[in-house]
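Structure first, commentary second.
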Amino acid sequence: MSETYTQRMRVTYATDDTVKYVGHLDMARTWERAIRRARLPLAYTQGFHPQPRIQFAAALPVGFTGQAEVVDVFLNEELAPDDFLARLTPALPSGIRPIAAVPAPREAPSLQSQVSGTRYRVEVETPEPDAVFRARLDAFLARSEVWRERRRGKKAANRYDLRPLVQVLAYVGPCALGQVFDVTMLAEPGATGRPDELLAELGYEAAPRRVVRLELTLSVREK
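What follows is the structure in structure tokens.
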């Protein structure tokens, strides 16, 4: 990305159930429209087809909500974070709530490349008592390998080990839906864990669930 912007504003925001079925491309368009509506000095790429300079840390899967999503907005003018948020917040749909904005270092690598982990809270519908549910989680943690296949479109299935992608798996307790657990998953190029695959391995592939992404871990990797 060439240096044709003045400021890189990093925004942390939350989403609720009203926008959880909005896909990533539509979410990106929603942010672009809101920034235009707020009359913020959004920077664009150069070339024949200029694109808005907005970088999301990681696409939020359809059906999930997020409590601390992160997006970088590149600007042509420097703004105070409070002013930026005051203009942006009323322009966004009510289901997208900005929490904080801070200037990010200009020399930092792309936001996507900095994501190293994700933490989720998962509520799953099950009539199982606490002890049985906890036993499922413990049984998964006790395994040294959990081989699965991941298929993308018409490409051949990719075989991978799910176990090392699950860094922390902790029982939280019962809930109105059934049971709740937290999971922290690795998120690196070629090795990203997904809660739906963990649920399938636990035996809840078809069970109704509610998934909230609680946190994205950002870290600059050594080249």
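Residue numbering for the sequence shown follows my numbering, starting at 6 and increasing by one per position.
The C-beta atom is built at its ideal place from N, Cα and C for all residues, glycine as well.
Which residue wins for smallest C-alpha separation from Gln56, given the options Arg92, Tyr10, Ala140?
Tyr10
Distance, Ile40 Cα to Ser46 Cα
Looking at the sequence itself, residue 46 is Pro, so the reference to Ser does not match. The alpha-carbon atoms of Pro46 and Ile40 are separated by roughly 8 Å.
The alpha helix (DSSP H) that contains Thr35, what's its start and end?
29–42
Roughly how many angstroms lie between the CA atoms of Asp187 and Arg111, to the nearest whole one?
The alpha-carbon atoms of Asp187 and Arg111 are separated by roughly 34 Å.
Let me confirm a value: Met6 is counted as buried when at least 16 other C-beta atoms fall within 10 Å, else exposed. Which label applies?
At Met6, the pLDDT of 44 sits below 50, so the modelled position is not reliable and the matter cannot be decided from this model.
Give every residue of the same chain whose Cβ lies closer than 7 Å to the Cβ of Ala175, excluding the five residues on either side of it in the sequence, and list them in chain order.
Taking C-beta separations shorter than 7 Å and ignoring five residues to either side along the sequence, the partners of Ala175 in its chain run Phe186, Asp187, following chain order.
Is Ser115 near the ligand NAP, going by C-beta to nearest heavy atom under 8 Å?
This structure simply doesn't include the ligand NAP, nor any ligand for that matter.
CB contact flag (Leu223, Val120, <9 Å)
yes
How is Met6 classed by DSSP in three states: helix, strand or coil?
With a pLDDT of only 44 at Met6, under the threshold of 50, the placement of this residue in the model should not be trusted; the figure read from the coordinates follows. If DSSP states are grouped into helix, strand and coil, Met6 belongs with coil.
Val127 - DSSP class collapsed to helix/strand/coil:
strand
With respect to the alpha helix (DSSP H) encompassing Ala205, which residues constitute its N-terminal and C-terminal limits?
200–207
Pro194 by DSSP, collapsed to three states: which one?
Here DSSP, grouped into helix, strand and coil, assigns Pro194 to coil.
Only counting the same chain, and skipping five residues up and downstream in sequence, which positions put a Cβ closer than 7 Å to that of Ala48?
Cβ-Cβ distances below 7 Å link Ala48 to Thr9, Tyr10, Arg58, Phe79, Leu80, Asn81 in the same chain, with the five nearest sequence neighbours on each side left out; the list follows chain order.
Starting from Pro179, trace the beta strand (DSSP E) in both directions and tell me its first and last residue.
171–179
In terms of residue numbering, what span does the beta strand (DSSP E) encompassing Ala19 cover?
12–20
Reference Ile101; option with closest CA among Asn163, Leu170, Thr20, Glu150:
Thr20
Where Trp152 falls, given that 16 or more other Cβ within 10 Å makes a residue buried:
Result: exposed.
Which residue comes first and which comes last in the beta strand (DSSP E) that contains Leu80?
74–80
Got a sec, what are the start and stop residues for the beta strand (DSSP E) Arg92 sits in?
Taken as a continuous stretch (DSSP letters only), Arg92 belongs to no beta strand (DSSP E), being part of the alpha helix (DSSP H) at 86–93.
So the candidates are Leu203, Arg164, Gly183; which of them puts its Cα closest to the Cα of Val173?
The option with the nearest alpha carbon to Val173 is Leu203.
Quick one: grab the DSSP three-state call for Gln119.
Residue state, collapsed to three classes: helix.
Between the Cα of Gln12 and those of Ala85, Arg148, Val171, Thr35, spot the shortest distance and give me the residue it belongs to.
Ala85
Under 8 Å, with one C-beta from each stretch per pair, do the stretch 164–173 and the stretch 20–38 reach the 3-pair mark?
no
For the candidate residues Ser118, Arg199, Met190, whose alpha-carbon lies nearest to that of Arg155?
Arg199
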